[in-house]
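What follows is one structure encoded as structure tokens, with my remarks underneath.
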Amino acid sequence: MATARLASEDLPMLRGEATFTADLPLPDGCLHAAFVRSTVAHGDLRNVDLREAEQAPGVVAVFEAAGLGLEPLEYYRATTLGGQMARPLLATERVRFVGEPIAVVLADSPVHALDAAELVAVEIDELPAVIDAEQTAAGDVLLFPDAGTNVVRPLDPPDGGGFLSPPTVLDDAAAPPAAPGEDPCAGAQCVVELVCENDRITSLPIEPCAIVATPFELIRGTPLAQGASPNCEIDIWSTGQGVHSAPYLYRRLLGIPVTAVRVRESQVGGGFGGRGDPVPEFFVAARAAQLLERPVRWVQSRQEQFVSMPYGRGQRHRIRMGFDPDGRIVGIDVVMWCDAGAYPHMAPMLTAASYRQSTGLYRVPRLRYRIGSAVTNAPPTGAYRGAGQPEVNAALERAIDAGARKLGLDPADVRRRNLLRADELPFDTGTGIVLDSGDPHRALDTAQELIDVERWQAMAAERRAASSRSALIGIGYGCYSQSAGSGDDPDYASMELGADGSVLVTCGSHGHGQGHHSLWAQITSARVGIAQGAVRVNDADSATSSYGGVTGGSRTASVLGSQIAEAATELRARICEVAGELLEASPDDISLTPDGAHVAGVPSRLTSWADIAAAAPEGISATVTERSAGVTHPYGTHAAVVEVDAETGRVELLAFAAVDDCGRMLSEASVEGQQHGGAVAGISQALMEAGQWDADGTPRTTTLVDYLIPAAADLPPIDTARLGTPTERNELGTRGIGENGAIAAPPAVQNAVIDAVAHLGVTHIDIPVTPQRVWEAIRAAQ
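Our numbering applies: residue 386 is where the sequence shown begins, and numbers increase by one.
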């Protein structure tokens, strides 16, 4: 089924013709929102004076929290001590990070709203700030005094327990399972210890957050009844990664039935996890539209995005890894702390994902993995491409390299001695994952071939022998496994043969750059037999589909794609029944072609698709709402070659290879594009990206001058290969591809940089491996 064609919906985006939320025509009487935000990271909110702003030109209303009457928001993914760490949508008694919204101005233009926001007078008694999760766990400064703690999740399991012994039979050379209370690295010939920081980074979508919220009555042209505004219905266009989870939150916060909230999304400029849940400002805008009985529009600025949108990553892994003399892993001992940000949001889910992937693609006889999470005075932590999996994989791959170097072995050889073989799969890792199929050794071999590893190894040896310091060569690898499509949530797939002979596909998930429309049309065409050009796909709309999952977690192709395939198979069977009656033949004897239906072997007796539709006035349709797809596990190896100038710390990426197994491919062009995009995201984190805050919680990266991402000129050609081992866990045999590069590329680049300067005494450099960090590591080693 795989095609190499560019997705049809890509062209408007490539030409700059796509419609984003900020491009939507404004409803009549639309108001514009601007938020007043905290300029301190932590403090008691003493007074908010709105009077001068209320008198400013063009201002219709100014609200603080009390004026909106909204309950605090406790995201469904967070465990927050019985609501004691729930988030007020506008700060009430205390502010907890720079950028937290305190008040909102509604005016007749964006300029008037922004000008008036500057006139709101805010009094805050500043308190000490804490920005390190491990330190704040001590509770010397409490962000939530009523909770009595900053800890969202205590280190669990406690000292002396929690060993996990994978049930799969291990090689004779591996250590026996550990008893409770025993060091998992006991008996190891070599033990390495590392502290691996994974700095907070932002998803940085092309379009920051935006919303247009309109009361339904205004759309219908009927004035709202006086006094009925708190219960009016709301039509919402917003940036997001799914239209179906949001109505439940709006229902709870706005006090209206879920069926009274319609949510739609235009192009959103990428999601990458950062749009998985609506931001608090969306609920404030919707509530203002209720109260003022007028449409409300808010478009986030880039600077607002940097200080208020959820950040990903933010984990510290203290990892110990033990090896036998031949480099086989004896055991792993990890203590991980996750920075939850100012309010628990997704931190519990992210730490669980990290734990599940803590053994990667390797045989790990013994494991202890302890997890802690605490709130800090930084923006809340959310998902970002990989969501908990890149963090633990970076620590795992760094420890593999460190162990190889300490034993004097080639890092690739150490990986081969520990990587699972194809004949060992399925393999139960003991962490809640069963890796089902594939060939990890082939992925590593292919990555080495793509970068021509022997040539670079020879060049690296020559330059070290010549005592060169300006052009040191390093080679690094990042092997990985991912859990894609986690959870039990189904999607919605429905299709109907129209009167004009086309098939209309309605689904519950929304694409934002993945080429879903083309993929769904392709699947439908292949299963039904109709021409792909005769298949139309509706954009996700909470009013036209009963349910849909979030487009994220590399789930959509396997979950929704499989449901679309199942619906298409059902639709074909029903079409054959109707065509059989028209052609006086058994449905089993009907052949479907792009031109219509005929009896097998008798193509001259053809009935068109439109004639088939006309013969069934009750309609011909099929709907699949039950999920049949299981969790899949893409895997692979990325390899990097870098050149490092030891005098300046400058790093240049010379070569990069991405070898991924995403199962059966639906579109090879889309897969290759995702490989490139994912690899660039990972390379960017490895070399440049990091959100930074001062000790007092003041953000230091608030523009694209401070927060760096690579341009095309900063990157070499990226060589790719796709292994394509089908999985049996879904109808299509596909796995996932969108997050693989973000998991594998960071340690590949990081290990390459450290490899280039290891002979100078450098043992570790945290990502991003910036010139300053490289230079400082070399000087410290000397």
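We treat Cβ as the ideally placed atom computed from N, Cα and C, and that holds for glycine.
For residue i, the residue or residues it bridges with in DSSP
i: tyrosine 635; result: The partner list for tyrosine 635 (beta bridge, DSSP) is empty, contrary to what the question assumes.
i: valine 433; result: Val507
i: glutamine 700; result: Asn583 and Cys723
i: methionine 1203; result: Residue 1203 cannot be examined here, being either before or after the span of the chain that is shown, 386 to 1167.
i: methionine 706; result: Val577 and Ile717
i: arginine 912; result: DSSP output for arginine 912 lists no bridge partner at all.
i: valine 920; result: Val888
i: leucine 416; result: Val681
i: phenylalanine 691; result: DSSP, once it has assigned bridges, lists no residue as partnering phenylalanine 691.
i: tryptophan 1078; result: Pro1084
i: glycine 428; result: Val480 and Glu511
i: tyrosine 754; result: Val719
i: valine 536; result: Ala759
DSSP-derived helix/strand/coil call for residue i
i: asparagine 1125; result: helix
i: cysteine 723; result: strand
i: isoleucine 1152; result: strand
i: cysteine 892; result: strand
i: threonine 929; result: coil
i: arginine 741; result: helix
i: arginine 1085; result: coil
i: methionine 734; result: helix
i: valine 646; result: strand
i: aspartate 408; result: helix
i: proline 530; result: coil
i: alanine 1166; result: helix
i: glycine 468; result: helix
i: glutamate 359; result: This structure gives no information on residue 359, because the portion of the chain shown stretches from 386 to 1167.
i: glutamine 675; result: helix
i: leucine 589; result: coil
i: leucine 458; result: strand
i: glutamate 1057; result: helix
i: methionine 398; result: helix
i: leucine 1093; result: coil
i: glutamate 618; result: coil
i: glutamine 867; result: coil
Supposed contact pair residue j and residue i - C-beta distance, whole angstroms, cut 8 Å
i: valine 1138; j: valine 1159; result: 6 Å
i: arginine 939; j: glutamate 1053; result: Note on residue identity: the sequence assigns serine, not arginine, to residue 939. Contact flag wrong, Cβ pair sits at about 17 Å.
i: serine 894; j: serine 1006; result: In fact, because the Cβ distance is near 19 Å, the residues do not count as touching under 8 Å.
i: glutamate 618; j: alanine 645; result: 4 Å
i: glycine 572; j: valine 799; result: The Cβ separation is near 18 Å, so there is no contact.
i: leucine 967; j: aspartate 980; result: That pair is no contact at about 15 Å.
i: alanine 441; j: leucine 504; result: 6 Å
i: valine 1026; j: alanine 1040; result: 4 Å
i: glycine 986; j: alanine 1066; result: Contact doesn't hold; Cβ gap of about 53 Å is too wide.
i: alanine 725; j: serine 758; result: 5 Å
i: valine 653; j: histidine 902; result: Contact flag wrong, Cβ pair sits at about 15 Å.
i: threonine 761; j: leucine 752; result: In fact, because the Cβ distance is near 28 Å, the residues do not count as touching under 8 Å.
CA-to-CA distance, residue j to residue i, given in whole angstroms
i: arginine 400; j: arginine 783; result: 41 Å
i: alanine 789; j: isoleucine 756; result: 26 Å
i: glutamine 1167; j: glycine 707; result: 27 Å
i: glutamate 969; j: aspartate 996; result: 14 Å
i: proline 410; j: valine 597; result: 10 Å
i: valine 1147; j: glutamate 1074; result: 22 Å
i: glutamate 508; j: arginine 472; result: 20 Å
i: tyrosine 932; j: glutamine 948; result: 13 Å
i: alanine 797; j: leucine 829; result: 8 Å
i: tyrosine 862; j: arginine 1164; result: 25 Å
i: glutamate 437; j: serine 423; result: 18 Å
i: proline 362; j: tryptophan 841; result: Outside the shown range of the chain, which is 386 to 1167, sits residue 362, and nothing can be said about it.
i: alanine 779; j: proline 1131; result: 7 Å
i: glycine 1058; j: serine 871; result: 23 Å
i: alanine 427; j: glycine 767; result: The amino acid occupying residue 427 in the given sequence is histidine; alanine does not appear at that position. Their Cα atoms are separated by approximately 20 Å.
i: arginine 801; j: proline 569; result: 21 Å
i: glycine 1004; j: glutamate 678; result: 40 Å
i: arginine 1049; j: valine 577; result: 38 Å
i: glycine 900; j: valine 890; result: 15 Å
i: aspartate 584; j: aspartate 1045; result: 25 Å
i: glutamate 847; j: alanine 1162; result: 23 Å
What runs of the alpha helix (DSSP H), each 4 residues or longer, lie entirely inside the stretch 808-844? 825-836
Please specify which runs of the alpha helix (DSSP H), each continuous and at least 4 residues long, are wholly inside the stretch 966-1052, giving them in chain order. 994-999
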